[in-house]
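Visitor: First the structure, which I've put down as structure tokens, then a few questions once you've had a look.
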């Protein structure tokens, strides 16, 4: 036999017989299955966020990977399509509850054939799209299924299929099985009597069993794509709107099942009064008159009626073939009962009717709590911002009153603060950018200022290092309407890059009167002003006096811009001056002053480092010499002290011997 690669990563020359068990094969198989099982439940995602492997498992679908690689935004679009597909399917499934219609004349249940055809077609389309997504997912092979161990990259189709089965595959298949189509088209029309009742009940159970996986998939999708999509932004308002949508969807579903349960109870009533009645309009020729008063829900004089419980109100619409009438009435009933938490429900002693009422109460309690909680959060966040704005306004009022500012100046300050608050929603943009990591801050500024930076002739075709250094120094500013940005005749100490709004630029005549409006030049989004400051920074490396502005800039509308002040521009030019001259041949004349300045700085740095090294060397030598000179002195001192102690000891011994 050929050498085949086992799914657990080792080679096997021949397969063991059915009677023998290879211990190595069994142990590794168990480990592989265990790893697959734990890996699958750690990453329960069959569609979630999509990450392709370097090698696509299906060669026939390899072109899809190239498409996603060229445009990563398609991954987010893929996720959004999946979510919307599940939401649409969840909204369409309850339509199968409305396809049954009661015929009071014949005492039987028939079909709204037009509605049944529409429901089957819509459900089949969504199932087909879902199946296509499942097949694509299985053949493309995502990296989340190949992280259990290092041998997973070489796993075969069987192992990959086993992992897929342990993930959401079973849930997906259960959700797309065409069971409602089979029951509504084949099973229910072909049965009668108790079989017909059981078929109607089976439709109810099938819809519930398939509805829960779809809801679960919507939750898992939203949990995965919420951070990378616009479907559910992480805001209090979006969460409140989404919970309101869930509330409406739950009302639609509960109303549809209430209609189906009403028809089921009606058939049960007819079966009690007429044991051998077919109940299916396909087999009924004459009606059953004995069930007229008992199953009508209206008690006559001294007559008994069937206890329909909470479904008695539905008897008014079970005969109608007007779909919009039935849908609107059942939706209103479901919304009303959810909002009241089922408090006004009057149920019979039927077991499933009681459970249905309990489900309505619990669902209404949960959804209402979520809706109220998110609405409260949204209102609190809005009120908190308004309160913050009010307190900040009070602080500004106190500050202006303390400094006795004139009324006109106060009005301008208030106007600017209101505009800034309206545009930024209370967010300090400069502080926000400052708190970001350096790479994020630089990339954000570069994205916002890419157009005005490219409009500067000397910044075109520049190195990324230079543009990154410039972006690091940009500062955001806001100007209200008619604000003075730069005054003619004053120092030009900043370059202005406009990212929104319109700025008028003009100069004054010799007599000091402003030029006519026909001479106005406008700067719009993507324009800049201050090229003279850049020329000064390039050609005068040692100068500290900025040039004088020859134009006046005034905001014609509300303007948002970034500024580059003179000191920051000078610092950037001093670090990257050679990049300007290298990319612009006309600027090679600036090489000489900047090269001389660079040599001077390097020479000073060299002398400074050399002096510090000499000082440190001399200090070390001085300490060594001092230690050497102190060493003999210390030794001689110890010797003298020792001799003196010996002499004293001898004198004491001689004195004691003379006494004896």
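In full-length UniProt numbering, the protein residues as written are 1 to 660. In this text, a Cβ means the ideal position worked out from N, Cα and C, and glycines have one as well.
#1: Just to confirm my understanding: we take residue 307, look at its own chain, exclude 5 residues before and 5 after, and list those with CB closer than 7 Å. What are they?
#2: When DSSP labels each residue in this structure, what does residue 456 get in the three-state scheme?
#3: Quick one: what does DSSP say residue 306 is sitting in, helix, strand or coil?
#4: Looking at the structure shown, is residue 567 part of a helix, part of a strand, or coil, going by DSSP?
#5: Use the C-beta contact count for residue 428: other C-beta atoms within 10 angstroms, 16 or more gives buried, fewer gives exposed.
#6: Opposite residue 696 in the DSSP bridges: which residues?
#7: In whole angstroms, what separates the C-alpha of residue 204 from that of residue 260?
#8: Between residue 264 and the rest of its own chain, which residues show a CB-CB distance below 8 Å, the 5 nearest in sequence each way excluded?
#9: Is residue 346 closer than 8 Å to residue 389 when the C-beta atoms are compared?
#10: By Cβ distance, which residues of its chain are closer than 7 Å to residue 422, with the 5 residues on each side in sequence left out?
#11: Rounded to whole angstroms, what's the CA-CA distance from residue 217 to residue 173? Just pull it up for me.
#12: Determine, using beta-carbon pairs with one atom in the segment 559 to 576 and one in the segment 483 to 502, whether at least three such pairs fall under 8 Å.
#13: Got a sec, what are the start and stop residues for the alpha helix (DSSP H) residue 369 sits in?
#14: For residue 544, report the span of its alpha helix (DSSP H) as first-last.
#15: Should residue 258 be labelled buried (16 or more other beta-carbon atoms within 10 Å of its own) or exposed?
#16: By DSSP's criteria, residue 476 is part of a beta bridge. Which residues make up the other side?
#17: Roughly how many whole angstroms lie between the Cα atoms of residue 129 and residue 471?
#18: On the DSSP letters alone, give me the boundaries of the alpha helix (DSSP H) that residue 176 sits inside.
#19: Suppose contacts are defined by Cβ-Cβ distances below 8 Å. Is residue 552 in contact with residue 486 by that definition?
#20: Go ahead and pull the three-state DSSP assignment for residue 576.
#21: Using the three-state DSSP reduction, which class does residue 501 fall into: helix, strand or coil?
#22: Measuring CA to CA, which of 430, 397, 402 is closest to residue 414?
#23: Give the range of the beta strand (DSSP E) segment to which residue 521 is assigned.
#24: How is residue 646 classed by DSSP in three states: helix, strand or coil?
#25: Report whether the distance from the Cβ of residue 572 to the nearest heavy atom of the ligand GTP is below 7 Å.
#26: Quick check on DSSP: helix, strand or coil for residue 189?
#27: In chain order, what residues of the same chain have a beta carbon less than 7 Å from the beta carbon of residue 206, not counting five sequence neighbours either side?
#28: From the DSSP secondary-structure annotation, give me the bridge partner or partners of residue 129.
#29: Taking the CB atoms as reference points, tell me whether residue 171 and residue 90 lie closer together than 8 Å.
#30: Hey, would you say residue 335 sits closer than 8 Å to residue 365, going by beta carbons?
#31: Less than 8 Å between the beta carbons of residue 669 and residue 478, yes or no?
#32: Out of 305, 532, 410, 505, state which residue places its alpha-carbon closest to the alpha-carbon of residue 268.
#33: Would you call residue 333 buried or exposed, if buried means 16 or more other Cβ atoms sit within 10 Å of its Cβ?
#34: In this structure, how does DSSP classify residue 318 when only helix, strand and coil are distinguished?
#35: Quickly, what does DSSP pair residue 437 with across the bridge? List them, please.
#36: For the beta strand (DSSP E) containing residue 701, name the first residue and the last one.
Guide: The answer reads as follows:
#1: 348
#2: Judged by DSSP in its simplified three-state form, residue 456 adopts coil rather than helix or strand.
#3: coil
#4: helix
#5: exposed
#6: Residue 696 lies beyond the range of the chain shown here (1 to 660); nothing can be said about it.
#7: 7 Å
#8: 197, 200, 201, 204
#9: no
#10: Counting only residues of its own chain and dropping the five nearest sequence neighbours on each side, residue 422 has no CB closer than 7 Å to any other CB.
#11: 12 Å
#12: Under the three-pair Cβ rule at 8 Å, the segment 559 to 576 counts as touching the segment 483 to 502.
#13: 351 to 402
#14: Element bounds for residue 544: n/a, residue is neither H nor E.
#15: buried
#16: Paired residue(s): 562.
#17: Distance between the alpha carbons of residue 129 and residue 471: 46 Å.
#18: Residue range 170 to 176 is occupied by the alpha helix (DSSP H) that includes residue 176.
#19: yes
#20: Coil at residue 576, not helix or strand.
#21: coil
#22: 397
#23: 521 to 523
#24: Judged by DSSP in its simplified three-state form, residue 646 adopts helix.
#25: Ligands are entirely absent from the displayed structure, and the ligand GTP is therefore not among its contents.
#26: helix
#27: 179, 180, 183
#28: Bridge partners of residue 129: none, in fact.
#29: no
#30: No, the Cβ-Cβ distance between residue 335 and residue 365 is not below 8 Å.
#31: This structure cannot settle anything about residue 669, because the visible part of the chain is limited to 1 through 660.
#32: 305
#33: The residue in question, residue 333, is buried, as its Cβ has 16 or more Cβ neighbours within 10 Å.
#34: coil
#35: Note: residue 437 sits in no beta bridge, so no partner.
#36: Outside the shown range of the chain, which is 1 to 660, sits residue 701, and nothing can be said about it.
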